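Student:
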Amino acid sequence: MSKNRKPGSNANLYAVLAEGFARRAPDACAIETIDAAGAPLYYSWSDIDRASARLANLLTGLALPDGARVAVQVDKSVESLLLYLACLRAGMVYLPLNSAYQQAEVDYFVENAEPSLIVCAPRALPWIAEIAKARGVAHVLTLGDDRSGTLLESAASLSDRFETVARGADDLAAILYTSGTTGRSKGAMLSHGNLASNARTLNLYWRWREGDVLLHALPIFHVHGLFVASHGALLSGSKMIWLPRFDAARVIARMPEATVFMGVPTMYVRLLDDAGFDAECTRRMRLFISGSAPLLTDTFQQFEARTGQRILERYGMSETVMLTSNPYDGNRVAGTVGLPLPGVQLRIVDDQQQPVDGDAIGAIQVKGPNVFSGYWRMPEKTREEFTDDGFFKTGDVGRRDANGYVSIVGRSKDLIISGGYNVYPKEIESYLDEMDGVLESAVIGVPHRDFGEAVVAVVVPRPGSRPEEPALIAALKSRIASFKVPKRVHVVDELPRNQMGKVQKNLLRDRFGE
Ligand code: MCA
Ligand code: AMP
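In terms of numbering that gives the first Met the number 0, the sequence shown opens at residue 0 and continues consecutively.
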């Protein structure tokens, strides 16, 4: 039992969320979705409780070691959310993986996190089984987006009652892999307390209320869709309309029934590109939230002109969940990410780690009950990323105006955010540099109308070689998640470098930005 676990209290995040939705009638609709044939499917609050109990019984029956990690790489479905809830209930550590990751990418996470169980899509079983065998993972189960697979089959006959395992606020609930400025992803360790405190704060800040309906179109392997969106609805006992993926036409079709929507900026750009998106379809909506990447002022303004509503932009990270938000009632200022959330301390410091004067630009550091405890099995990296007085160095560069509103003006970390997904140039460069005919490469982000930033590679051939753009792109596509694959590859004679020998990516961005 961890030192922070008080007898009689249960800080398990599931218990916290269930306390919220237990206020609703057990038979009321909690989630509405459609099956593969397009027929509607309804899950009541009691279904959520019973189905997650069945899965928790299955997990517990596997007799996994204390603190076991459960790696999950599946397509979005209500059952995939239930599996997450079951992991919480059983006291296991949930490790979600982007469904676009390919074998080499997943192998790294499995090697690093050493899960005891992997749940994967049925189609991925052949290569996941290979990884599991090579890395000594005891169990592999499958879950399809049509309720197929061994996970549900194995749980079908188990009891639908389960006493949620007691957990303390500091106990680990999830590991989210992120960053990797050196090319290696780090697992951010989030506790039950980190997630519960953020969910409670956002519940009040965004005024979740009875009768809210969340239109959920985000993937659920990242903070935005899994924690910010799902926790918000569960804790407030709000119904979710659950879409398997974002599709502008489908979102518009369901919007008249919804009150809350969360999306990355690309989703707002795509909604605005659809002539069917208008004030009429948003008439019940009370809150549009944007995050994960910068929302352009132009998008904010077009959205307001079209719908009469001001998008609420907020800012967060995998390591911290949500940090700042524009106000619910006050002025939502385009181009800013708003004010630090209650309980979050945020400061902007200069190169000497001293707070900047006034609204000067500097590095953003944060502290609060939502901030993670460190990177999985990387104590040195963890030490480097925290200051002596316990602030986490976000790697984001920003300023704060006289009213306290924070703007993100850049990043000290070499990171591209494309359509809300993070791409680490170093990782793509290392794949390119290994390829035949490539001497060296530089990967940059350039402005892109749809994705905000697009990944572009600049490659120098080996003497006597002439690598071609289509072949390089095809080779990358066969190895890494396709959202990471450069949209363009330019072949040049040499890369511009400064006197220290460092590649001047700003010059490449100027040259290839179009
Ligand atoms: C898909 N493609 C992309 C992206 N998404 N390329 C670059 N960037 C992307 N984001 C490519 C695919 O690889 C494919 O390429 C082609 O586009 C079509 O794929 P499809 O799956 O049909 O794409 P889509 O459905 O149109 O996806 C666009 C999307 C999606 C809906 C915007 O990217 C998305 O759901 N983004 C949200 C990510 C997210 O939830 N981020 C939150 C992280 P090809 O045809 O060549 O194979 S949490 C976070 O950041 C923090 C903590 C926070 O603050 O929230
Ligand atoms: P990750 O934790 O890897 O999903 O990505 C977190 C990063 O996304 C942050 O460090 C920011 O750089 C970026 N980010 C999240 N929300 C915003 C936002 N509203 N505006 C600008 N950048 C954002």
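Each residue gets a CB set at the ideal place from its N, CA and C atoms; glycine is no exception. The structure presented is a predicted model; accordingly, all values stated were derived computationally and were not measured.
Counting pairs of Cβ atoms below 8 Å between the segment 410-420 and the segment 344-352, do you hit three or more?
Tutor: Taking 8 Å as the limit for Cβ pairs, the verdict is that the segment 344-352 does not touch the segment 410-420.
Student: If I measure Cβ to Cβ from G312 and keep anything under 6 Å in the same chain, skipping five residues before and after, which residues do I get?
Tutor: The question names Gly, but residue 312 is Glu in the sequence shown. Once the five neighbours on either side are set aside, the close Cβ partners of E312 are S289, L294, N325, V336.
Student: Any heavy atom of the ligand AMP closer than 7 Å to the Cβ of G186?
Tutor: no
Student: Sorted by chain position, which residues of the same chain lie with C-beta nearer than 7 Å to R249's C-beta, five sequence neighbours on each side aside?
Tutor: L242
Student: Taking only heavy atoms of the ligand MCA into account, decide whether any of them is closer than 7 Å to the Cβ of T265.
Tutor: Correct: T265 has its Cβ closer than 7 Å to the ligand MCA.
Student: Mind checking whether the beta-carbon of N421 lies closer than 7 Å to any heavy atom of the ligand AMP?
Tutor: True, at least one ligand heavy atom lies under 7 Å from that Cβ.
Student: Whose CA, out of F511, E31, D46, lies closest to the CA of P39?
Tutor: E31
Student: Answer with buried or exposed for M499, where buried requires no fewer than 16 other C-beta atoms within 10 angstroms of its C-beta.
Tutor: exposed
Student: Based on the DSSP secondary-structure assignment, which residues constitute the bridge partners of L203?
Tutor: Its beta-bridge partners do not exist; DSSP assigns none.
Student: Okay, do the segment 70-88 and the segment 450-461 touch, 3+ Cβ pairs below 8 Å being the bar?
Tutor: no
Student: May I ask whether a heavy atom of the ligand MCA can be found less than 7 Å away from the beta carbon of L157?
Tutor: No, since every heavy atom of the ligand MCA falls outside the 7 Å radius drawn around the Cβ of L157.
Student: At what residues does the alpha helix (DSSP H) containing F302 begin and finish?
Tutor: It spans 296-306 - the alpha helix (DSSP H) in which F302 sits, taken as one unbroken run.
Student: Assuming G367 contacts V343 under a Cβ cut-off of 8 Å, what Cβ separation, rounded to an integer in Å, is found between them?
Tutor: 4 Å
Student: What first and last residue would you give for the beta strand (DSSP E) that runs through L80?
Tutor: Per DSSP, L80 belongs to no beta strand (DSSP E); it is in the alpha helix (DSSP H), 77-89.
Student: The ligand MCA heavy atoms versus the CB of H489: any closer than 7 Å?
Tutor: Incorrect: H489 has no Cβ contact closer than 7 Å to the ligand MCA.
Student: Is P293 near the ligand AMP, going by C-beta to nearest heavy atom under 7 Å?
Tutor: yes
Student: Should L12 and L194 be called a contact, given that it needs their Cβ atoms to be closer than 8 Å?
Tutor: Yes, they are a contact pair.
Student: Just curious, the beta strand (DSSP E) that L213 is in, first and last residue?
Tutor: 212-215
Student: Taking Cβ positions, are L142 and V69 nearer each other than 8 Å?
Tutor: no
Student: When we look at the beta-carbon of G246 and count the other beta-carbons within 10 Å, is it buried (16 or more) or exposed?
Tutor: Reading off the sequence shown, one finds Asp at residue 246, where the question assumed Gly. Label assigned to D246: exposed.
Student: With a Cβ-Cβ cutoff of 8 Å, do P264 and G60 count as a contact?
Tutor: no
Student: Leaving aside the five residues before and after M0 along the sequence, list all residues of the same chain whose C-beta is less than 7 Å from its C-beta, in chain order.
Tutor: With a pLDDT of 41 at M0, under the threshold of 50, the modelled position of that residue is not reliable, and no figure is offered here.
Student: To the nearest angstrom, how far is the alpha carbon of M316 from that of G463?
Tutor: 44 Å
Student: Please identify the residue among N369, A362, A292, G329 whose C-alpha is closest to the C-alpha of T319.
Tutor: The residue among N369, A362, A292, G329 with its C-alpha nearest the C-alpha of T319 is N369.
Student: On the DSSP letters alone, give me the boundaries of the alpha helix (DSSP H) that Q102 sits inside.
Tutor: According to the DSSP assignment, Q102 belongs to the alpha helix (DSSP H) that extends over 102-112.
Student: Apart from the five residues on each side of it in sequence, which residues of its chain come closer than 7 Å, Cβ to Cβ, to R122?
Tutor: none
Student: Can you name the start and end residues of the beta strand (DSSP E) that T265 belongs to?
Tutor: Careful: T265 lies outside any beta strand (DSSP E), inside the alpha helix (DSSP H) at 264-271.
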